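The opening residue of the sequence shown carries number 0 in numbering that gives the first Met the number 0; numbering runs sequentially from there.
Taking it in order: structure first as C-alpha cells, then the write-up.
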Amino acid sequence: MDKLVNFVLFQIGWFSAVIGGATNRPWLGVLVIIAVVLIHLYRTFNIRAEATLIIIIAIMGGSLDSVFVYLNWISYPSGHIHESLTAYWIIAMWMSFSTTLNSSMAWLKKSHILAVIFGFFGGPLTYYGGYKLQAIEFQNFDAAMIGLAFGWAAIIPLLFLLSNKVYEYFDCSHA
C-alpha cells in the first residue's frame, strides 16, 4: 500500500507541476510537490537519509535539465531562475521523483539493465507528455529526445547507486 500511495502522490505532483508550468503558474506545482515531499518524509523511517537524497537529486536532475536548456534543445515557458538554467518547477519535479526511488520504483534496483531501459524510454516520454500539455517546448526535437534518452539511461542507475550510498552513510537499511 505504501508503494501505491507513493506512486499516486508522485503523479499528483507531476501533473500539478506540468499544469502549473503550462498555465504560467509554476508555483502551483511547487506547492503541491512541497506537500508531496513533506508527506513522504513524514512516512519514511529515515528522514535524514531521504532528505539528503532529495537535495542531491534536485541538484543532479536540475543540472541535467539545465544542460538541455543551455544547449537550446528544450525550453520552458514559465518558471525561470535564469535563462540558461532549467525552470524551478522542474527542480521540484526531481525532488518529487527522488521520493520514488526507495518506494514505488524500488523494483528497478534489482536490475541495472532494467533501470537503463526504463530511463532510456521513460525519461523522454515524460518530457513528451509535458510537451503535449504545453509545459515545455522542444527547440531541437531530435537532439532533445536523443539527449534525454541517453541522459536518463545514465542517471537512473546512478540515482539508485546514490540512494544506496546515502543509506549506507546514514547506516540504515531500506526497502
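Ideal placement from N, C-alpha and C gives every residue a C-beta, glycine not left out.
In this text the structure is predicted, and so the values were computed from the model without any measurement.
For residue j and residue i, the rounded distance between their alpha carbons
i, j, result
"residue 76", "residue 107", "33 Å"
"residue 118", "residue 167", "24 Å"
"residue 163", "residue 60", "17 Å"
"residue 78", "residue 1", "31 Å"
"residue 161", "residue 46", "16 Å"
Residue i burial status per 10 Å Cβ neighbour count (16 or more: buried)
i, result
"residue 88", "buried"
"residue 102", "buried"
"residue 96", "buried"
"residue 49", "buried"
"residue 7", "exposed"
Short Cβ contact (8 Å threshold) for residue i with residue j
i, j, result
"residue 127", "residue 73", "no"
"residue 26", "residue 20", "no"
"residue 80", "residue 114", "no"
"residue 158", "residue 58", "no"
is_contact[residue i, chain B] using C-beta, thresh 8 Å
i, result
"residue 150", "You won't find chain B in this structure, because it holds only one protein chain."
* Asked: Does the region 32-49 come close enough to the region 10-17 that 3 or more CB-CB pairs lie under 8 Å?
  -> yes
* Is it true that the region 129-136 meets the region 39-58, where meeting means three or more beta-carbon pairs spaced less than 8 Å apart? -> no
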